[in-house]
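Enquirer: Dumping the structure here so I can ask a few things about it.
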Amino acid sequence: MPPLALKKGAGPLRRWLFVGLGVATFGLYGMAFVVDRFGQRERAVPSDVVVVLGARVLPGGSPSPALRARVEKAVELYHRGLAPRLLFSGGVGINPPSEARVMRDLAMRLGVPEEACLLEEQSHSTEQNARFSSDVLRSLGARRVVVVSDPYHLLRARQYFRLHGFEVATSPAFLSERNMGFVDRCYWTVREAAALLLHPRVLFAREPSR
Numbered sequence: 001m002p003p004l005a006l007k008k009g010a011g012p013l014r015r016w017l018f019v020g021l022g023v024a025t026f027g028l029y030g031m032a033f034v035v036d037r038f039g040q041r042e043r044a045v046p047s048d049v050v051v052v053l054g055a056r057v058l059p060g061g062s063p064s065p066a067l068r069a070r071v072e073k074a075v076e077l078y079h080r081g082l083a084p085r086l087l088f089s090g091g092v093g094i095n096p097p098s099e100a101r102v103m104r105d106l107a108m109r110l111g112v113p114e115e116a117c118l119l120e121e122q123s124h125s126t127e128q129n130a131r132f133s134s135d136v137l138r139s140l141g142a143r144r145v146v147v148v149s150d151p152y153h154l155l156r157a158r159q160y161f162r163l164h165g166f167e168v169a170t171s172p173a174f175l176s177e178r179n180m181g182f183v184d185r186c187y188w189t190v191r192e193a194a195a196l197l198l199h200p201r202v203l204f205a206r207e208p209s210r
């Protein structure tokens, strides 16, 4: 008799499990769609500072393709006159020097004067990018920033900078390898969607009131 009762109760439990998995899957891939659509649109506007978020540094201190793509995009914005300064954000990872220093050196080789380059070399995550950069930005009196990163990364990055009280525009590094390859683009986009769903406080951050 007990095994029969267990068998009868398993059906509803299994159905609810499938429903729960379906809702979670729909939510994840729905958010991934939002993340992808957001990142594929250029939103740069005239701002006080362009903030460039770091990526991996290769052995010997060379910029990875993602890092190079982000710097090249930021330099393009600088030469278009969208902001008078570039803030490079990223600490030391597996390979020295810091991501910020590698980005600054590349930007200077691409024609940006050293005095227009600022460094934030402590961060190791998107949350830290925003938190540590905010100290530098406030010292400059900055209120509006353009954040440059890979397309998949921009929605979460914008939300973290909003939490620190900044008006945020975004500019995607379209030529990053993580955006150009279909499999990589899917992987990183779904990964970002999961990160946002796990941090609802970040997801619902609003533009600061003027």
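Counting from 1, position 107 in the sequence shown corresponds to residue 107 in the UniProt record's numbering; the numbering is continuous, with no gaps.
Glycine included, each C-beta is placed from N, C-alpha and C at the ideal position.
From a predicted model like this one, the values you see are computed outputs, not experimental measurements.
Spell out the partners DSSP gives Leu82 in its beta bridges.
Expert: In the sequence shown, the residue the question calls residue 82 occupies position 82. DSSP, once it has assigned bridges, lists no residue as partnering Leu82.
Enquirer: In the DSSP output, which residue or residues are listed as bridge partners for Arg144?
Expert: Sequence index remark: in the sequence shown, residue 144 carries index 144 (1-based). According to DSSP, Arg144 bridges with Glu167.
Enquirer: Please tell me whether Asp36 and Arg144 are closer than 8 Å, where the distance is taken between their beta carbons.
Expert: Counted from its first residue, the sequence shown places residue 36 at position 36. Counted from its first residue, the sequence shown places residue 144 at position 144. Result no, Cβ atoms of Asp36 and Arg144 do not sit closer than 8 Å.
Enquirer: Just reading off the beta strand (DSSP E) that Leu119 is part of, what are its end residues?
Expert: On the sequence shown, residue 119 is found 119 positions in, with the first residue counted as 1. Taken as a continuous stretch (DSSP letters only), the beta strand (DSSP E) holding Leu119 covers 117-120.
Enquirer: Excluding the 5 residues preceding and the 5 following Phe166 in the sequence, name in chain order all residues of the same chain whose CB lies nearer than 6 Å to its CB.
Expert: Taking the first residue of the sequence shown as position 1, residue 166 is located at position 166. The residues are Val145.
Enquirer: Please confirm whether Leu82 and Pro46 have their CB atoms less than 8 Å apart.
Expert: Indexing the sequence shown from 1 puts residue 82 at position 82. Indexing the sequence shown from 1 puts residue 46 at position 46. Contact: yes.
Enquirer: Smallest Cα separation from His170: which of Met180, Met103, Pro84, Gln40?
Expert: Translated into positions along the sequence shown, residue 170 becomes position 170. Note that residue 170 corresponds to Thr in the displayed sequence, not to His. It is Gln40 whose Cα lies nearest to the Cα of Thr170.
Enquirer: Give a yes or no on whether the C-beta atoms belonging to Ser89 and Val51 are separated by under 8 Å.
Expert: Counted from its first residue, the sequence shown places residue 89 at position 89. Counted from its first residue, the sequence shown places residue 51 at position 51. Yes, the pair counts as a contact, with Cβ atoms nearer than the cut-off.
Enquirer: I'd like to confirm something about Leu77: is its beta-carbon nearer than 7 Å to some heavy atom of the ligand GTP, or not?
Expert: Among the ligands in the structure shown, none appear at all, so the ligand GTP cannot be discussed.
Enquirer: Excluding five sequence neighbours on each side, which residues of the same chain lie with their C-beta closer than 7 Å to the C-beta of Phe38?
Expert: In the sequence shown, residue 38 corresponds to position 38, counting from 1. So the list reads Leu154, Leu155, once near-sequence residues are dropped.
Enquirer: Is it buried or exposed for Leu58, if we count other Cβ within 10 angstroms and need 16 for buried?
Expert: Counting from 1 along the sequence shown, the entry for residue 58 is found at position 58. By the neighbour-count rule (16 or more Cβ atoms within 10 Å), Leu58 is not buried but exposed.
Enquirer: How is Val92 classed by DSSP in three states: helix, strand or coil?
Expert: On the sequence shown, residue 92 is found 92 positions in, with the first residue counted as 1. Val92: coil per DSSP, three-state reduction.
Enquirer: On the three-state DSSP scale, how would you describe Leu58?
Expert: As a position in the sequence shown, residue 58 is number 58, starting the count at 1. Strand at Leu58.
Enquirer: I'd like to know whether the C-beta atoms of Arg178 and Tyr160 end up nearer to each other than 8 Å.
Expert: The sequence position of residue 178 within the sequence shown is 178, counting from 1. The sequence position of residue 160 within the sequence shown is 160, counting from 1. Their beta carbons are not under 8 Å apart, which means Arg178 does not touch Tyr160 by this criterion.
Enquirer: Are Ala69 and Leu175 closer than 8 Å when you measure CB to CB?
Expert: To locate residue 69, count along the sequence shown from 1; it is residue 69. To locate residue 175, count along the sequence shown from 1; it is residue 175. Yes; because the gap between Cβ atoms is below 8 Å, this pair is in contact.
Enquirer: Identify, in the order they occur along the chain, each residue of the same chain with its Cβ nearer than 7 Å to the Cβ of residue 225, setting aside the five sequence neighbours on each side.
Expert: Given that the chain is displayed from residue 1 to residue 210, the structure contains no residue 225 and the question cannot be resolved.
Enquirer: Quickly, what does DSSP pair Val53 with across the bridge? List them, please.
Expert: The residue you call residue 53 lines up with position 53 of the sequence shown. The sequence given here places Leu at residue 53; Val does not occur at that position. Note: Leu53 sits in a beta bridge opposite Ser89.
Enquirer: Which residues in the same chain as Val190 place their Cβ atom closer than 8 Å to its Cβ, once the five residues preceding and following it in sequence are excluded?
Expert: Taking the sequence shown and counting its residues from 1, the one referred to as residue 190 is at position 190. Only Leu28, Tyr29, Ala32 meet the Cβ criterion.
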